[in-house]
């Protein structure tokens with residue numbers, strides 16, 4: 007009798023050409039049911055595809071003893087089945103280079119960097135991740151609530167570069183059923199049950215409600231929408247790249263110059279995509295522009311005689327000059343030292359020296375607004391920060407405890423590690439509580455003020471371009 011899950015995974019692999027034969031695969035194994043089932047299936051398919059496997063597990067250390075026990079479980083399981091394995095703990099230096107973002111975003115970034123490193127060491131052709139159809143549905147819904155465009159609605163791609171996701175067409179329920187049937191051991195991650203994280207609230211609260219009241223096959227429907235959006239996103243990317251080459255006047259490591267006349271004739275969807283594409287290139291793949299920031303830059307293109315410049319957190323500057331749209335990184339941002347001023351909580355604080363506004367509000371734990379978390383947004387424990395906060399610029403001797411690190415660090419050294427140009431450092435706003443730095447805006451929060459499982463009230467502070 008044909009094994010349904012094995013057949014579906016094989017079909018997914020073949021349809022997306024994830025494997026063609028003879029590949030070395032680094033298999034990301036967290037110890038949870040999804041990755042353990044994926045490992046089991048890839049072992050069964052080794053002969054068919056003539057593959058070699060190497061397991062990789064990163065211990066983030068976020069769950070204390072539970073994290074260590076999970077790492078030991080993965081190592082023991084692999085050794086018992088004679089599977090090569092690399093297990094590493096994310097401590098100290100590994101957390102140091104990641105700027106901004108939520109706890110989960112930082113952990114995800116570290117995990118991907120770790121997997122790429124192991125893949126390089128093993129000379130691997132593929133990295134297999136255990137995302138499944140329910141993960142896809144959660145991602146699409148989360149991105150929709152953030153106001154994402156078609157790229158975000160494309161969700162999790164089945165294949166990207168050397169990353170493959172063999173379980174992407176499989177439902178969580180059938181994966182768990184397969185684990186029970188085959189007697190596959192796995193570890194339950196207690197953090198998957200806490201409602202602190204927005205993804206957990208979507209999985210445990212929102213999706214079940216949608217399935218109950220609107221569509222019992224909502225997960226399948228969202229996965230279908232993701233497949234359609236991903237295909238159309240690829241088409242638009244190709245069109246945008248072609249048009250970008252046509253309007254590009256000049257390009258350097260820190261500056262793109264685009265001709266406004268031909269750019270202004272293009273459909274808005276292509277213009278916006280081109281602007282975001284350039285921003286991501288300048289920011290070396292870091293978080294792209296928000297929709298409002300994209301619109302602000304687009305107004306420079308579409309408004310005759312537009313003057314001034316648009317500044318976006320992260321060092322991006324856009325201005326109109328001599329019939330061109332000039333997007334640059336770092337140039338002209340150090341326009342003056344940021345003077346100290348109170349942070350309005352709640353409210354908007356204008357930082358005229360860098361044309362940035364800080365919008366703050368107090369949220370109760372579990373509020374939908376917490377879904378938005380990126381380098382331009384800080385989510386903080388309001389009871390730890392208090393409401394008597396100030397905004398100021400960098401001062402000699404400033405130190406803080408960067409999120410994920412165990413000790414204090416000079417802000418100057420942090421800027422060096424983050425590759426912030428010397429002439430920009432005085433233009434990075436700091437949110438402070440007394441003498442303590444709470445948030446290096448656009449980069450990282452202080453470990454002492456981050457959101458934890460015990461947080462009752464959140465302080466959300468968003469950095470936006472002046473005028474948004």
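In the numbering used here, the protein residues as written are 7 to 474.
In this text, a Cβ means the ideal position worked out from N, Cα and C, and glycines have one as well.
Taking buried to mean at least 16 other C-beta atoms within 10 Å of its own C-beta, is residue i buried or exposed?
i           : result
residue 374 : Low confidence applies here, because residue 374 scores a pLDDT of 40, under 50, leaving its location unreliable and the question unanswered by this model.
residue 198 : exposed
residue 313 : exposed
residue 443 : buried
residue 132 : buried
residue 13  : exposed
residue 383 : buried
residue 65  : buried
residue 36  : buried
residue 87  : exposed
residue 389 : exposed
residue 207 : buried
residue 344 : buried
residue 135 : buried
residue 2   : No information on residue 2 is available, as it lies outside the stretch 7 to 474 that the chain covers here.
residue 126 : exposed
residue 280 : buried
residue 237 : exposed
residue 268 : exposed
residue 220 : exposed
residue 470 : buried
residue 422 : exposed
residue 251 : exposed
Which of the three DSSP states, helix, strand or coil, is assigned to residue i?
i           : result
residue 188 : helix
residue 84  : helix
residue 461 : coil
residue 330 : strand
residue 56  : coil
residue 44  : helix
residue 307 : helix
residue 26  : coil
residue 74  : helix
residue 341 : Unreliable positioning characterises residue 341 in this predicted model, as indicated by a pLDDT of 49, which lies under 50. A coordinate reading is not provided.
residue 383 : strand
residue 210 : helix
residue 79  : helix
residue 368 : strand
residue 406 : strand
residue 104 : For residue 104, the pLDDT reaches just 49, beneath the cut-off of 50, and the residue's location in the model is therefore unreliable, although a value from the coordinates is still provided. Reduced to three states, the DSSP call for residue 104 is coil.
What does DSSP give as the partner residue(s) for residue i in the beta ladder?
i           : result
residue 348 : 396
residue 449 : In the DSSP output, where bridge partners are listed per residue, residue 449 has none listed.
residue 363 : 356, 470
residue 63  : 93
residue 261 : 334
residue 18  : Partner(s): none; residue 18 has no beta bridge.
residue 33  : 61, 134
residue 317 : 323
residue 438 : 396, 443
residue 455 : Paired residues: none, contrary to the question.
residue 254 : 264
Would residue i and residue j be called neighbours here (beta carbons separated by less than 8 Å)?
i           : j           : result
residue 301 : residue 275 : no
residue 321 : residue 430 : yes
residue 397 : residue 352 : no
residue 438 : residue 395 : yes
residue 90  : residue 43  : no
residue 455 : residue 387 : yes
residue 30  : residue 130 : yes
residue 272 : residue 306 : no
residue 239 : residue 178 : no
residue 76  : residue 202 : no
residue 459 : residue 200 : yes
residue 11  : residue 33  : no
residue 317 : residue 284 : no
residue 232 : residue 161 : yes
residue 288 : residue 385 : no
residue 265 : residue 311 : no
residue 82  : residue 120 : no
The stretch 222–239 touching the stretch 141–156, judged by at least three CB pairs closer than 8 Å: yes
Inter-stretch contact (C-beta, 8 Å, three-pair minimum) for the stretch 317–336 and the stretch 405–412: no
Inter-stretch contact at 8 Å, needing at least 3 Cβ pairs: the stretch 164–180 / the stretch 41–54: yes
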